[in-house]
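Undergrad: Mind looking over this structure? Questions follow.
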DNA sequence: GTCTATAGTGGGATAGAC
DNA sequence: GTCTATCCCACTATAGAC
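Residue numbers (our numbering), protein chains in the order written: chain R, 3 to 183; chain Y, 3 to 183.
What follows is the structure in structure tokens.
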């Protein structure tokens, strides 16, 4: 603990300027999607020119990595809270879905495509996964459970279910199956 | 039936030139991924300049739509064959996974992001979904089942499971849960 | 730490000649 | 149906002045 002031754990260890850049990046991502997050757009959002951003971050992917870490941390918080309140698989699943639907573009950034694991702060990914493992018991069931939840969410976000589909019922059916374990 | 010769159902209703363009597009997609599929690259693969492609397709997305239709049709074939041979959920799931892993980039194109349903030949999507519905019985379970399978596949393709994860075991755990229904 | 200027790359698509 | 020439766009990133 070398920090001289209390501060949010998230985004850690950076200058205030860098923190405001990450905050702006998050705003752009969440409001307009991943393609809208460009260095020009990000510079404009924070009030400087794109090239100046490179004084704070070595490249664009470093900004994205910061966002991915935030997403994992928030997911960990959300799932831990759900477990504390409820303890049921259904409660955990509902919390997972709620977070993903509330932050679709951040969820996508965190869960889709290759993950630069070596650039993440250690343990960040595991802390988000822990609540699922805790409720299912074994790792294989946890992975199956996560795959189900991720599949449901990403198909919903992508509009892949038929227009009239009852997704609550599909979630319930899936959870019931797992729970019968 | 107005066709005067026997022909593969796939890619249908187009000039031979257009068919060869789609074939080349598929090759590029499968071998190098979606980003590699550009009009310049596609023209080169088929031996003409990019602008000439626009005599055969109105735009790039039309080529992609043709590929999506092919993907759906092949998936329908694969799942129907699995059902005919076996009839078990496990057999169906294995066929689903096998096809996706054999054609990762095509699978992604078909199942990820927004789907231009109105541009697809009618029924193409439903025919791929039918075998899953047939084995699960009700639509809610079918959607849960599909979400599980898609989640497992896409997380595997994206390298999202931990390096040592036993994915066969995770599949088995998920299928066992659904089967206990 | 900010700027301007710019390099370098690549993309989709159109016009008009042949 | 193919070509050349070209437009217009957008992006990441760097150089060098201030």
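All residues carry an ideal CB built from backbone N, CA and C; glycine is no exception. All values reported here derive from a predicted model rather than from experimental measurement.
Using only CA atoms, which one of 141(R), 156(R), 143(R) and 144(R) lies nearest to residue 148(Y)?
TA: 156(R)
Undergrad: Note down, in chain order, each residue of its chain lying with its Cβ closer than 7 Å to the Cβ of residue 26(R), except the 5 sequence neighbours on either side.
TA: 44, 47 and 48
Undergrad: List, from N- to C-terminal side, the alpha helix (DSSP H) runs of 4 residues or more that fit wholly inside the segment 18 to 71 of chain Y.
TA: 18 to 34, 41 to 48 and 52 to 55
Undergrad: For residue 181(Y), is the classification buried or exposed, using 16 other Cβ atoms within 10 angstroms of its Cβ as the cut-off for buried?
TA: exposed
Undergrad: Quick check on the burial criterion: 16 or more other C-beta atoms within 10 angstroms. Buried or exposed for residue 35(Y)?
TA: exposed
Undergrad: So residue 158(Y) is in the alpha helix (DSSP H); what residue range does that whole segment cover?
TA: 141 to 159
Undergrad: DSSP state of residue 88(Y), grouped into three classes?
TA: coil
Undergrad: Run the CB neighbour count on residue 17(R), radius 10 Å, all protein chains shown included, and call it buried at 16 or more, exposed below.
TA: exposed
Undergrad: Report buried or exposed for residue 176(R), applying the criterion of at least 16 other Cβ atoms within 10 angstroms of its Cβ.
TA: buried
Undergrad: What does residue 145(Y) reach in chain R if we use C-beta pairs closer than 7 Å?
TA: 163, 167 and 172
Undergrad: Please report the straight-line C-alpha distance between residue 76(Y) and residue 130(Y), rounded to a whole angstrom.
TA: 8 Å
Undergrad: Applying the criterion that 16 or more other CB atoms from any shown protein chain within 10 Å of the CB defines a buried residue, is residue 109(Y) buried or exposed?
TA: buried
Undergrad: Contact defined as beta carbons within less than 8 Å: I believe residue 87(R) pairs with residue 137(R). What is the distance between those atoms, to the nearest angstrom?
TA: Between residue 87(R) and residue 137(R) the beta-carbon gap is near 13 Å, outside 8 Å, which marks them as no contact.
Undergrad: Does DSSP put residue 230(Y) in a helix, in a strand, or in coil?
TA: An answer regarding residue 230(Y) cannot be provided, because it is not within the stretch 3 to 183 covered by chain Y.
Undergrad: At the 8 Å Cβ level, is residue 150(R) part of the contact set with chain Y, yes or no?
TA: Closer than 8 Å to some Cβ of chain Y, the Cβ of residue 150(R) qualifies, so yes.
Undergrad: Tell me which residue opens and which closes the alpha helix (DSSP H) that residue 128(R) is part of.
TA: 126 to 138
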